[in-house]
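S.K.: Which chain is which? The protein sequence lines are A and B, in order. Going by this note's numbering, the first sequence opens with residue 1195, and the numbers climb by one from there. Going by this note's numbering, the second sequence opens with residue 4, and the numbers climb by one from there. All residues carry an ideal CB built from backbone N, CA and C; glycine is no exception. In this text, all values refer to a predicted model and were calculated from it rather than measured experimentally. One structure is given below, represented as structure tokens, and several questions about it will come after.
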Amino acid sequence: MSIKKFAVAAYDDEAVLFPAVKKVRGSGYKIHDVYTPFAVHGLDVALGEKESDLHIAGFIYGITGTCTALGFMGWIFTTDWPQNFGGKPHFPLPAFIPITFELTVLFAAVGMVLTFCYLNQIMPGVKKHIFHPRQTDDLFVMAIEVDDSNAAETEAFLKSTGAVETNIQIAESEWWYGRFDKKEDYEIQQQLA
Amino acid sequence: MLNQEFKVPAKLKTTSMVLLAIGVITLLAGAGLLLMSKDQMAQNRFWAVLLQNSIFFLLISLASIFILSATTLAQGAWIVSFRRIPEAIGSIVWVLAIIAGVVLLTLIWTDNHNIYHWLGKNEHGGDYIPKNSLNALKNFFLSKPFFTIWTVIVLALWGWFGVKIRELSVRQDSEAKGSTKTYWANFNVSAGFIFVFALSLASTIPWLWIMSLDSHWFSTMFSWYTFASSFVSGMSMIMLWILYTKRHGYLEIVTDEHVHDVGKFMFAFSIFWTYLWFSQFMLIWYANIPEETIYFQIRMHGPYKFFYWINIILNFVCPILILMPRPNKRNYFVVSLVAVLILLGHWIDFYQMVMPATVGENWHIGWFEIGIVCGFIGLIIFLVSNKLTKAPLVPQNNPLLKETIIHIS
Chain A
1195 MSIKKFAVAA
1205 YDDEAVLFPA
1215 VKKVRGSGYK
1225 IHDVYTPFAV
1235 HGLDVALGEK
1245 ESDLHIAGFI
1255 YGITGTCTAL
1265 GFMGWIFTTD
1275 WPQNFGGKPH
1285 FPLPAFIPIT
1295 FELTVLFAAV
1305 GMVLTFCYLN
1315 QIMPGVKKHI
1325 FHPRQTDDLF
1335 VMAIEVDDSN
1345 AAETEAFLKS
1355 TGAVETNIQI
1365 AESEWWYGRF
1375 DKKEDYEIQQ
1385 QLA
Chain B
4 MLNQEFKVPA
14 KLKTTSMVLL
24 AIGVITLLAG
34 AGLLLMSKDQ
44 MAQNRFWAVL
54 LQNSIFFLLI
64 SLASIFILSA
74 TTLAQGAWIV
84 SFRRIPEAIG
94 SIVWVLAIIA
104 GVVLLTLIWT
114 DNHNIYHWLG
124 KNEHGGDYIP
134 KNSLNALKNF
144 FLSKPFFTIW
154 TVIVLALWGW
164 FGVKIRELSV
174 RQDSEAKGST
184 KTYWANFNVS
194 AGFIFVFALS
204 LASTIPWLWI
214 MSLDSHWFST
224 MFSWYTFASS
234 FVSGMSMIML
244 WILYTKRHGY
254 LEIVTDEHVH
264 DVGKFMFAFS
274 IFWTYLWFSQ
284 FMLIWYANIP
294 EETIYFQIRM
304 HGPYKFFYWI
314 NIILNFVCPI
324 LILMPRPNKR
334 NYFVVSLVAV
344 LILLGHWIDF
354 YQMVMPATVG
364 ENWHIGWFEI
374 GIVCGFIGLI
384 IFLVSNKLTK
394 APLVPQNNPL
404 LKETIIHIS
């Protein structure tokens, strides 16, 4: 958790956003994030995001589910409470397959949802700084990390890429838990003004 | 400019002719050595192999018409970039339908063999399926007139739909730009095909052609299981054609994204096949009723043990483990390898559906089986590659053409 200085630009069209992202990255600026009102196809590629490892986590959760189901049922029906069901063996693998399958899916699904929420920092009560109130409505908002030396220059550069609005914000870059406004954040904004 | 005019590479033409020649020679040799022999088992082997291969290659080609109809109805754009390939495969279904029809009707109307037991009499001279048993309900279904009429109707419809869908799609090329008349005509024909498909391959036909080989045994899931088997092999065949034509410089608009989508179908339907296979197996295993378990007795513990396990390894373990990572579905070598494994695996699946009831423990994988397979592969390659030269490889006026070019899977 750290408070950083951002140059923020808002665009009103995807067709302007894509070349802007390309130009900004080409000029060596570090993009903090881009906020869009809807999922823009190909933006992750344009931003150079690497492929998520979520599916590897999903595979591990799934294998955990498989092992849990087989291990638990195996332990119950061979060791803890062996019973005779219609003359079947005590470890009847075909009969265990449906439950194993269900538990694999359950573990993988629930685990992946929770991991997804963690990676994207979305949870009930978790707050993040909002760079522009219209970023979920009709504007595409790009935030770039800057320092005192290049803030003004970056803002001018963003203006030249076709942004309809630009400004400098000092904000918390990570998530926090609690009220919507972060007090310190607010005070810093006041001081800046 | 896109390279749209497919020319059959000389090597492919030679290969297909050689394979076809091997098939014809094997068929003649088989007729001489097996069919004319005094040995009942040799005759059964001749007919069972022809039955298995003609049905298998007919159904995997039929899968092309099904995927075309389904995606046309869903207005899926991803398939449009390579839709001339399933169209070409679908439009030769009538040839394979004639071959399968000849084999099936010969089996029904001649009686010097022992393939369909329900045609014959039992040892007391009565009907094979006693009139007063529960199985007597099958007497209408398993009768010569019904078998003949339904088989002919279904084969004719399949052949007609395959040709019609192709014809409409080609007609669209020469239409005025922006006209969607043919597109909607194709939409309606596809809806008709799905209806026919549900009544034929997805329900009655596998019961009639394959399941009735074990006439006392029954499984309502059998048709779905056969459908899954033929569909996943059909997608693998389409994949091989796409990669072959791409390798020779055609189909530039087909990218990794489209290949990835076909790979997903191969992956997902391998799991779907396993799901149905296991559902059929588990209920029978759990209930443990002798008249049902006899089907698995010969396959799991009897002479077909090898095929039974290799079936699961090739059709489930290999696709799920190899195709699971995303990069593998976009790697042309890996997907073509898996496509070949799936085709081999499902050929074996059909083999173990047909053979236990017809030749029992005297199974062979010998010159006759391999020769007939070569013949069918040669026939399909020859006909499909010729069909591909007849029309541009990119559907010109399809309203979804732009969407398919920019498609991201």
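Rounded C-beta distance between Ala1251(A) and Thr1309(A)? I'm assuming under 8 Å.
M.R.: With a Cβ gap of about 5 Å, Ala1251(A) and Thr1309(A) count as contacting.
S.K.: For His219(B), does the three-state DSSP call read helix, strand or coil?
M.R.: Looking at His219(B) - three-state DSSP - the assignment turns out to be coil, as it is neither helix nor strand.
S.K.: Any heavy atom of the ligand PLP within a distance shorter than 8 Å of the CB on Trp370(B)?
M.R.: Ligands in the displayed structure: none, and consequently the ligand PLP is not present.
S.K.: Give me the chain B residues within the contact set of Gly1259(A), using Cβ-Cβ distance strictly less than 8 Å, ordered along the chain.
M.R.: Under the 8 Å cutoff, chain B gives no residues; its nearest Cβ is about 16 Å from Gly1259(A).
S.K.: Please confirm whether Pro1292(A) has its beta-carbon closer than 9 Å to some beta-carbon of chain B.
M.R.: It does; some Cβ of chain B falls within 9 Å.
S.K.: Spell out whether any CB of chain B is found under 9 Å from the CB atom of Gly1280(A).
M.R.: Answer yes: the Cβ-Cβ gap between Gly1280(A) and chain B drops below 9 Å somewhere.
S.K.: For Met356(B), I'd like the list of residues in its chain whose CB is within less than 6 Å of its CB, leaving aside the five on either flank, ordered along the chain.
M.R.: So the qualifying residues of the chain are Ile213.
S.K.: For Phe379(B), does the three-state DSSP call read helix, strand or coil?
M.R.: Three-state result, Phe379(B): helix.
S.K.: List the DSSP bridge partners of Met1336(A).
M.R.: Ala1203(A), Val1228(A), per the DSSP bridge assignment.
S.K.: Quick check: the Cα distance between Ala394(B) and Glu170(B), rounded to an integer number of angstroms?
M.R.: Between Ala394(B) and Glu170(B), the C-alpha separation is close to 10 Å.
S.K.: Between Val52(B), Asn400(B), Trp161(B), which has its C-alpha nearest Phe69(B)'s C-alpha?
M.R.: It is Trp161(B) whose Cα lies nearest to the Cα of Phe69(B).
S.K.: Please identify the residue among Val83(B), Ser67(B), Pro148(B) whose C-alpha is closest to the C-alpha of Trp97(B).
M.R.: Among Val83(B), Ser67(B), Pro148(B), the Cα nearest to that of Trp97(B) belongs to Ser67(B).
S.K.: So Phe1253(A) and Val1340(A) are supposed to be a Cβ contact under 8 Å. How far apart are they, rounded?
M.R.: 39 Å between Cβ atoms; not a contact.
S.K.: Tell me which residues share the same chain as Tyr1223(A) and place their Cβ nearer than 6 Å to its Cβ, disregarding the 5 neighbours each side in the sequence.
M.R.: Around Tyr1223(A): Ile1338.
S.K.: When Cβ atoms are compared, which residues of the stretch 1227–1242 of chain A fall closer than 8 Å to chain B?
M.R.: Taking 8 Å as the Cβ-Cβ cut-off against chain B, the residues of the stretch 1227–1242 of chain A that qualify are His1235, Gly1236.
S.K.: Counting only beta-carbon separations shorter than 9 Å, does Pro12(B) have a partner in chain A?
M.R.: So, not an interface residue.
S.K.: Under 8 Å Cβ-Cβ, which residues of chain A neighbour Ile411(B)?
M.R.: Simply His1235, Gly1236.
S.K.: Mapping the DSSP letters down to three states, classify Lys1321(A) as helix, strand or coil.
M.R.: Residue state, collapsed to three classes: strand.
S.K.: Chain A beta carbons: is any one of them nearer than 9 Å to that of Tyr298(B)?
M.R.: No, Tyr298(B) lies away from the interface with chain A (no Cβ there is under 9 Å from its Cβ).
S.K.: Should Ile373(B) and Ile313(B) be called a contact, given that it needs their Cβ atoms to be closer than 9 Å?
M.R.: It is not a contact, given that the beta carbons lie outside the stated cut-off.
S.K.: Indicate the three-state DSSP secondary structure (helix, strand or coil) for Ala290(B) in the structure shown.
M.R.: Three-state result, Ala290(B): helix.
S.K.: Count the other CB atoms, across all protein chains shown, that sit within 10 Å of the CB of Tyr1312(A); report buried if there are 16 or more and exposed otherwise.
M.R.: When all chains shown are included, Tyr1312(A) counts as exposed.
S.K.: At the level of alpha carbons, what is the spacing between Ser339(B) and His219(B)?
M.R.: Cα-Cα distance, rounded: 39 Å.
S.K.: Ignore the nearest five residues each way along the sequence and tell me which others in Thr151(B)'s own chain have a CB closer than 7 Å to its CB.
M.R.: Within the same chain, Thr151(B) has close Cβ partners Leu108, Ile111.
S.K.: Against chain A, does Asn334(B) count as a neighbour if the rule is that its beta carbon must be under 9 Å from one of theirs?
M.R.: Answer no: the Cβ-Cβ gap between Asn334(B) and chain A never drops below 9 Å.
S.K.: Distance check for Ser193(B) and Glu8(B), CA to CA, integer angstroms please.
M.R.: Those two C-alpha atoms are separated by around 26 Å.
S.K.: Please state the DSSP three-state secondary structure of Ala1357(A).
M.R.: DSSP places Ala1357(A) in coil when its eight states are reduced to three.
S.K.: Can you grab the Cα-Cα spacing for the pair Met1336(A) / Met224(B), in whole Å?
M.R.: Approximately 55 Å between the Cα atoms of the pair.
S.K.: Could you pull the start and end residues of the alpha helix (DSSP H) that Tyr247(B) belongs to?
M.R.: Its alpha helix (DSSP H) spans residues 225–250.
S.K.: Name the one or two DSSP bridge partners that Pro373(B) has.
M.R.: The sequence shown places Ile at residue 373(B), not Pro. Paired residues: none, contrary to the question.
S.K.: When we look at the beta-carbon of Ile301(B) and count the other beta-carbons within 10 Å, is it buried (16 or more) or exposed?
M.R.: It is buried - the Cβ of Ile301(B) has at least 16 other Cβ atoms within 10 Å.
S.K.: Just verifying my parser: in three-state terms, what is the DSSP assignment at Trp121(B)?
M.R.: If DSSP states are grouped into helix, strand and coil, Trp121(B) belongs with the helices.
S.K.: Residues of the stretch 280–309 of chain B with a CB closer than 8 Å to any CB of chain A: list them in chain order, please.
M.R.: Listed by position, the residues of the stretch 280–309 of chain B near chain A (Cβ gap below 8 Å) are Phe281, Phe284, Met285, Trp288, Tyr289, Asn291.
S.K.: Output needed in chain order: residues of the stretch 1204–1219 of chain A with a Cβ under 9 Å from some Cβ in chain B.
M.R.: Listed in sequence order: no entries.
S.K.: Helix, strand or coil for Glu1208(A), going by three-state DSSP, please let me know.
M.R.: If DSSP states are grouped into helix, strand and coil, Glu1208(A) belongs with the helices.
S.K.: Might you give, ordered along the chain, the residues of its own chain that have their beta carbon closer than 6 Å to the beta carbon of Phe310(B), omitting 5 neighbours on each side?
M.R.: Same-chain partners within the cutoff: Ile351, Gln355.
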